[in-house]
Amino acid sequence: MKKITIAIDGFSSTGKSTLAKQLANHLGYVYVDTGAMYRAITFFAMQNGYITSDYFDKETLINSLPFIKLQFKFNPNVGFAEMYLNGENVENQIRTMEVSGNVSRVAEVSEVRAKLVEQQQDFGKEKGIVMDGRDIGTVVFPNAELKIFMNASMETKAQRRFDELMTKGQEVTFDEVLKNVQERDYIDTHRKDSPLLKATDAIEIDNSNLNREEQFQIVLDLVNQKM
Ligand code: DC
Numbered sequence: 000m001k002k003i004t005i006a007i008d009g010f011s012s013t014g015k016s017t018l019a020k021q022l023a024n025h026l027g028y029v030y031v032d033t034g035a036m037y038r039a040i041t042f043f044a045m046q047n048g049y050i051t052s053d054y055f056d057k058e059t060l061i062n063s064l065p066f067i068k069l070q071f072k073f074n075p076n077v078g079f080a081e082m083y084l085n086g087e088n089v090e091n092q093i094r095t096m097e098v099s100g101n102v103s104r105v106a107e108v109s110e111v112r113a114k115l116v117e118q119q120q121d122f123g124k125e126k127g128i129v130m131d132g133r134d135i136g137t138v139v140f141p142n143a144e145l146k147i148f149m150n151a152s153m154e155t156k157a158q159r160r161f162d163e164l165m166t167k168g169q170e171v172t173f174d175e176v177l178k179n180v181q182e183r184d185y186i187d188t189h190r191k192d193s194p195l196l197k198a199t200d201a202i203e204i205d206n207s208n209l210n211r212e213e214q215f216q217i218v219l220d221l222v223n224q225k226m
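Just so we're aligned, residue 0 is where the sequence shown starts under numbering that gives the first Met the number 0, counting upward by one.
Following this line, the structure appears as structure tokens:
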């Protein structure tokens with residue numbers, strides 16, 4: 000059967016990665032979580048003291064980019080590819096509130112975006128890929144056969160993210176999570192380089208009132224039409 004490229008974009012915590020993983024598993028496609036790549040660069044910058052909540056040494060981060068190696072390695076125990084930064088598994092470290100608090104500022108840097116977009120396009124050369132992020136249908140794969148744009152109410156997004164952090168045992172309040180999701184959505188949609196935008200040919204899904212299975216079936220129908 001013909002292999003296609005599936006681009007999933009949308010706001011923070013709209014369940015993009017859940018849907019992308021379901022689709023990739025079902026279709027036998029590669030799944031790439033591009034947010035993990037921006038998070039890993041942010042974690043690198045934090046580890047090296049280039050960024051804190053009120054400081055950002057962009058130039059030094061830009062000069063360090065050639066020394067940052069990002070890889071995805073499939074972990075059969077969890078069923079998806081985990082993020083490695085310079086050979087170290089950082090899957091857990093990149094999901095903290097601290098990284099979430101800094102990542103949108105790192106994602107504004109054009110040099111960071113150029114490096115990651117190049118790597119993402121390389122991953123998708125053979126098609127048969129599901130990639131999620133903010134600029135996949137607009138910048139990374141403007142010719143993707145299927146583009147989905149995901150949205151949900153602010154309350155739904157914050158509640159999902161809060162539940163996820165709780166299951167990981169992180170100490171955060173709902174209000175902190177809500178503020179972080181609002182801030183990230185604002186920066187992601189207002190940045191100069193590759194802002195979060197719905198591609199003109201993307202299909203929008205608001206999943207505030209859909210469960211995982213309902214959403215999966217809707218998208219699977221769209222996939223089957225394209226294939
Ligand atoms: O998908 P996520 O929440 O893990 O993404 C983390 C941040 O990375 C998000 O706030 C914006 C940025 N990002 C981006 O700018 N472009 C992408 N393709 C993916 C993520």
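The beta-carbon is built from N, C-alpha and C at its ideal position, and this holds for glycine as well. Note that the coordinates shown come from a computational prediction; the quantities given were computed from them, not determined experimentally.
Indicate the three-state DSSP secondary structure (helix, strand or coil) for Thr-95 in the structure shown. Note: Thr-95 maps to coil in three-state DSSP.
Looking at Val-102 and the ligand DC, is the gap between the Cβ and the nearest heavy atom below 7 Å? yes
Reduced DSSP secondary structure (H/G/I, E/B, other) of Lys-225: helix
Start and end residues, beta strand (DSSP E) containing Lys-146: 145-150
Residue interval of the alpha helix (DSSP H) (run including Asp-187): 173-189
Across the segment 100-110 and the segment 54-61, are there enough close Cβ pairs to call them in contact, namely three or more that are closer than 8 Å? yes
Relative to the ligand DC, is the shortest distance from any of its heavy atoms to the C-beta of Gly-132 smaller than 7 Å? yes
Three or more C-beta pairs below 8 Å linking the segment 87-96 and the segment 132-150: no
With a threshold of 7 Å (Cβ to nearest heavy atom), would Gly-34 be considered close to the ligand DC? yes
Tell me whether Ala-230 counts as near the ligand DC, meaning its Cβ is closer than 7 Å to at least one heavy atom of that ligand. It is not possible to answer for residue 230, since the shown part of the chain is limited to 0 through 226.
Use the C-beta contact count for Phe-66: other C-beta atoms within 10 angstroms, 16 or more gives buried, fewer gives exposed. exposed
With a threshold of 7 Å, establish whether the CB of Ser-52 neighbours any heavy atom of the ligand DC. Not one heavy atom of the ligand DC lies closer than 7 Å to the C-beta of Ser-52.
Report the three-state DSSP secondary structure of Leu-84 (helix, strand or coil). strand
Classify Phe-73 as buried or exposed, calling it buried when 16 or more other Cβ atoms lie within 10 Å of its own Cβ. exposed
Between which residues of its own chain and Val-176 is the CB-CB distance below 8 Å, once the five residues before and five after are set aside? Met-96, Ala-157, Arg-160, Phe-161 and Leu-164
Using a Cβ distance threshold of 8 Å, determine whether the segment 114-125 contacts the segment 184-192, with at least three qualifying pairs required. no
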